[in-house]
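Q: In my numbering, the protein residues as written are 17 to 273.
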Amino acid sequence: MSAHPHPAPEAVAAIVPAMNESERIAATVIAAKQIPGVDIVLVVDDGSSDDTGTVARRAGAEVITHPKNKGKAAAMMTGAFALRNREISDADPGLEPKHRALLFIDGDLEDSAVNTAPLAAPVLAGEADMTIAILPEQKRKGGGFGFVVGLAKKGIAELSGFEATQPLSGMRCLSREAFDTALPFAAGWGVETAMTIDVVNAGLRVEEVECDLHHRVTGRDLKAHLHRAAQYRDVARAILVRRIRAKRSHQQKETGK
17 MSAHPHPAPE AVAAIVPAMN ESERIAATVI AAKQIPGVDI VLVVDDGSSD
67 DTGTVARRAG AEVITHPKNK GKAAAMMTGA FALRNREISD ADPGLEPKHR
117 ALLFIDGDLE DSAVNTAPLA APVLAGEADM TIAILPEQKR KGGGFGFVVG
167 LAKKGIAELS GFEATQPLSG MRCLSREAFD TALPFAAGWG VETAMTIDVV
217 NAGLRVEEVE CDLHHRVTGR DLKAHLHRAA QYRDVARAIL VRRIRAKRSH
267 QQKETGK
């Protein structure tokens, strides 16, 4: 395993990409602020048509607003880059800036957001570079038919050898090194699958952690089917891009011999 040149982070920034979550975002922010080590909760209001940003600010979050919806991956990067700029400007002249661990949380977790705390602990301790939440069975009926999950699992195993339990889990904590390795993020719903492949292949340490989280379950109406179709498309694209990349890298090694 490669040596880890970066010291373990000393604090955690909770980054919350959110769109039209005004009913749930306050509870999510308040719960996130209670996570040990979290000293910033940063909500990226991704083109909401409701007052998500205002409600989040009132609950104690810092808020960055995308005037138009750019998608989850873009919102995650906006939050992480804004945090990096702040860390650089906060650093004393001539000293390396201190990097926080990046804890990505969905905006609809409400009170259960505090239960992402176990994700931060191994990263803060320097024992893992990325942690992924494994969620319990959700209480309400609904959820997908497993096509997208199966595609993501197979793609991750094929391209990195990592056996993911819940490959599409969006709740993750990353060291700054792991975040940099995963850039640029894959578009849309492919972001988590791509991130796992890229971080594992960089030789970094990935752990899955059980977290008692609850969020809305996608139903089985037309809107839900369209949502799953978009997920499938994005995950397939992320896998294909990495498959092509791996093939190209292999060919370069062969011709370089």
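Yeah, the Cβ is synthetic: ideal placement off N, Cα and C, and Gly gets one too.
Remember, predicted model here, so these are calculated numbers, not experimental data.
Less than 8 Å separating the beta-carbons of V216 and S191?
A: no
Q: Please report the residue range of the beta strand (DSSP E) in which A252 lies.
A: Run containing A252: none in the beta strand (DSSP E); it sits in the alpha helix (DSSP H), L238 to G272.
Q: Please report the residue range of the beta strand (DSSP E) in which D61 lies.
A: V54 to D62
Q: Which whole-angstrom value is the C-beta distance of I150 and V207, which I expect to be below 8 Å?
A: Not confirmed; about 18 Å, so no contact.
Q: Express the C-alpha separation of S38 and D67 in angstroms, rounding to a whole number.
A: 6 Å
Q: Taking only runs that begin and end inside the segment 115 to 199, name each unbroken alpha helix (DSSP H) of 4 or more residues, in chain order.
A: 133 to 140, 163 to 176 and 192 to 197
Q: For the beta strand (DSSP E) that contains A10, what are its first and last residues?
A: The chain is shown from 17 up to 273; residue 10 falls before or after that span and cannot be answered.
Q: Given 8 Å as the limit, is there contact between the segment 118 to 133 and the segment 36 to 51, that is, 3 or more CB pairs closer than that?
A: yes
Q: So does the segment 50 to 66 actually touch the segment 111 to 122, counting three or more Cβ pairs closer than 8 Å?
A: yes
Q: Identify whether A19 lies in helix, strand or coil by the three-state DSSP scheme.
A: Below a pLDDT of 50, predicted positions are generally treated as unreliable, and A19, at 45, falls in that range; no measurement from the model is reported.
Q: For T147, does the count of other Cβ atoms within 10 angstroms reach 16, so buried, or fall short, so exposed?
A: buried
Q: My output table needs one value for E112: the three-state DSSP class, helix, strand or coil.
A: Residue state for E112 is assigned as coil, using DSSP reduced to three classes.
Q: Counting only runs that start and end within the segment 200 to 232, where is the beta strand (DSSP E) found for 3 or more residues in a row?
A: 222 to 226
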